[in-house]
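Please read the structure below before turning to the comments.
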Ligand code: ADE
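Residue numbers (the working numbering): 18 to 379.
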């Protein structure tokens, strides 16, 4: 009986020979996309770009990157921003803990390093929000330090190059690829890091068919040779997200809208939001909620439904537009709720994009 041939999983150094690395660098230098963070070797700018690019598409990052650096061009300038201004700059990017960690790290850079970004992988790795990938990306791209930077793009490329069936969500797989990559990193470490990212973001992408006919590594790629490109990389199924029913309230009196500040811990911590409660309230429930705050609704109107997907939770929202009488002032409750001038909402209060379907009414 003919046995199905077991796929040989190659090591990174067997595939990425010095010759293959040269071909990859030459391809990158000729074909790389012109991106704003590729016009600089400033470690601060590279750091900001790498944090923004986590979980966010390149095209979405571009305007945020420019605006953020105009407002906070140095670690010291970032350290001196207050939280409201910082969140306003981040508004719509999501995963706000990234912004909080950037701020904490900028304070550390200012206090411990006199405002200059540190130069070693270990010092960078110790900053808030900087993991193995980000430390490797900053050190290699800004300073050509020969350290690996293995993100989702790079994991996909390496899994295919080596025909590795290891689960790429497993920390052990990432660690093994980092270790195997280390000895093949050339002197041009920054271009090497970016070339692997670029290959994974373009020709060796996740959703579209891999464009192997244009790939500089096609003739050394094990997945290409064995016809496995479409099967790799392997990733275990993620846990399904928890679905939460919520009711969002747009409570306003003309010039002002009711906001609340989220608690300092947990989902969207410290951000402002439209008042919302768990479950789907009916009109009577909405009236009772508004009266409990000491206000009297004149009119309650159901508006559109919306859905928002966070990494672990999915909000299924219904919403009501509630009009208050304009002579209303003073709120009861725990002090979390307040009426904000509509003009101040666009200038000062960052409201997460989970509420995007409703903030457009303001
Ligand atoms: N994704 C993560 N880092 C990146 C970079 N430096 N350029 C393009 N896409 C990226």
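Built from N, CA and C at the ideal position, the CB exists for glycine as well. Since this is a predicted model, take the numbers as computed values, not measurements.
- Query: Going by beta carbon distance, what residues of the same chain come within less than 7 Å of residue 359, once the five residues before and after it are set aside?
  - Reply: 272, 273, 274, 379
- Query: In terms of residue numbering, what span does the beta strand (DSSP E) encompassing residue 66 cover?
  - Reply: Unbroken run through residue 66 is the alpha helix (DSSP H), 60 to 70; no beta strand (DSSP E).
- To which residues of the same chain is residue 324 closer than 6 Å at the C-beta, ignoring the five residues directly before and after it? Contacts found: 333.
- Message: Tell me whether residue 212, by its Cβ, gets closer than 7 Å to a heavy atom of the ligand ADE.
- Response: no
- residue 234 versus residue 41 - alpha carbon distance: 7 Å
- Message: Rounded to the nearest angstrom, what separates residue 210 and residue 329 at their Cα positions?
- Response: Here the alpha carbons of residue 329 and residue 210 stand approximately 30 Å from one another.
- Item | Continuous alpha helix (DSSP H) stretch holding residue 209: start and end | 206 to 218
- Item | DSSP-derived helix/strand/coil call for residue 135 | Note: residue 135 maps to coil in three-state DSSP.
- residue 321 - DSSP class collapsed to helix/strand/coil: strand
- Message: Am I right that residue 401 and residue 306 are in contact with their C-beta atoms under 8 Å? What's the rounded C-beta distance?
- Response: No answer is possible for residue 401: it lies beyond the span of the chain, which begins at 18 and ends at 379.
- Message: Here's a check: name, in chain order, each residue in its chain whose Cβ is nearer than 6 Å to the Cβ of residue 227, leaving out the five neighbours to either side.
- Response: 221, 246
- Query: Quick one: is the Cβ of residue 42 within less than 7 Å of any heavy atom of the ligand SAH?
  - Reply: Within the structure as shown, the ligand SAH is missing, the only ligands being the ligand ADE.
- Task: Buried or exposed for residue 58, please, with buried defined as at least 16 other CB atoms from any protein chain shown within 10 angstroms of its CB.
- Result: exposed
- Out of 280, 216, 377, 238, point me to the one whose CA is closest to residue 45's CA. 216
- Query: Rounded to a whole number of angstroms, what is the C-alpha to C-alpha distance between residue 300 and residue 335?
  - Reply: 11 Å
- Query: If you count every other CB in all the chains shown that lies within 10 Å of the CB of residue 208, and 16 or more means buried, which is it?
  - Reply: buried
- Determine the closest residue to residue 237 out of 190, 37, 26, with distance taken between C-alpha atoms. 37
- Query: Rounded to whole angstroms, how far is the Cβ of residue 194 from the Cβ of residue 32, which I believe are closer than 8 Å?
  - Reply: Incorrect: roughly 12 Å between the Cβ atoms, too far for contact.
- Consider the C-beta atom of residue 54 and the heavy atoms of the ligand ADE; say whether any pair is separated by less than 7 Å. yes
- Buried or exposed: where does residue 191 fall if 16 or more other Cβ atoms within 10 Å of its Cβ makes it buried? buried
- Query: Would the region 121 to 136 and the region 173 to 191 be scored as touching if the rule is three or more Cβ pairs under 8 Å?
  - Reply: no
- Message: DSSP three-state label for residue 293, please.
- Response: strand
- Message: If I measure Cβ to Cβ from residue 255 and keep anything under 8 Å in the same chain, skipping five residues before and after, which residues do I get?
- Response: So the qualifying residues of the chain are 186.
- Kindly list the residues whose CB is nearer than 8 Å to the CB of residue 20, restricted to its own chain and excluding five residues on each side of it in sequence; keep chain order. Residue placement at residue 20 cannot be trusted, given a pLDDT of 37 that sits under 50; what the coordinates show is reported in the next sentence. Contacts found: none.
- Query: Quick one: Cα of residue 355 to Cα of residue 342, how far?
  - Reply: 15 Å
- Give the DSSP-derived three-state secondary structure of residue 313 in the structure shown. Collapsing the DSSP output to three states places residue 313 in coil.
- Can you tell me where the beta strand (DSSP E) with residue 333 in it begins and where it stops? 330 to 341
- Task: Can you tell me which of 108, 105, 146, 80 puts its alpha carbon nearest to the alpha carbon of residue 124?
- Result: 146
- Per-residue DSSP class, three states only, for residue 368: coil
- How many angstroms separate the CA atom of residue 363 from the CA atom of residue 232? Looking at the two C-alpha atoms, the distance is approximately 46 Å.
- Query: Just to confirm, are residue 338 and residue 249 a CB contact at a threshold of 8 Å?
  - Reply: no
- Message: Would residue 317 and residue 303 be called neighbours here (beta carbons separated by less than 8 Å)?
- Response: In this structure, the beta-carbon distance from residue 317 to residue 303 falls below 8 Å.
- Roughly how many angstroms separate the alpha carbons of residue 310 and residue 76, rounded to a whole number? 42 Å
- For the candidate residues 201, 278, 184, whose alpha-carbon lies nearest to that of residue 165? Residue nearest to residue 165 within the set 201, 278, 184 is 201 (criterion: CA-CA distance).
- Query: Cα separation between residue 112 and residue 157?
  - Reply: Whole-angstrom Cα-Cα distance: 25 Å.
- Query: From the DSSP output, which residues share a beta bridge with residue 354?
  - Reply: 277
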